[in-house]
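Here our numbering is used: position 59 in the sequence shown is 176, and no number is missing along the way.
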Amino acid sequence: MDCLDCGNCRKGEAVYYCPARNDFVIVDGVTKIKERRSIPEEYDDYTERKKKYRRERGSLRGTG
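What follows is the structure in structure tokens.
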């Protein structure tokens, strides 16, 4: 298995395709894990206002 000098392994990606191996390679230690963020309290206020608006708007639809 000789290197074909494609340059995929030099890009610094976590996963790349190696044509010499004819396989995908996963590099250890490069993977970044994102943490979940909690929902901000402003979002709760926004959803409550949105629900209230929908209720008010829905009650007006029947009168027409």
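Note that beta-carbon positions come from the ideal geometry of N, C-alpha and C, so glycine has one too. The structure displayed is predicted, hence computed values, not measured ones.
Collapsed DSSP secondary structure at residue i in the structure displayed
i	result
aspartate 122	coil
aspartate 140	strand
Beta-carbon proximity of residue i to residue j, cut-off 7 Å
i	j	result
valine 142	cysteine 135	yes
alanine 137	cysteine 120	yes
Straight-line Cα distance separating residue j from residue i
i	j	result
serine 155	aspartate 162	15 Å
aspartate 140	arginine 153	32 Å
cysteine 126	tyrosine 133	7 Å
Proximal residues to residue i (C-beta, below 6 Å), its chain only, five neighbours per side dropped
i	result
lysine 167	none
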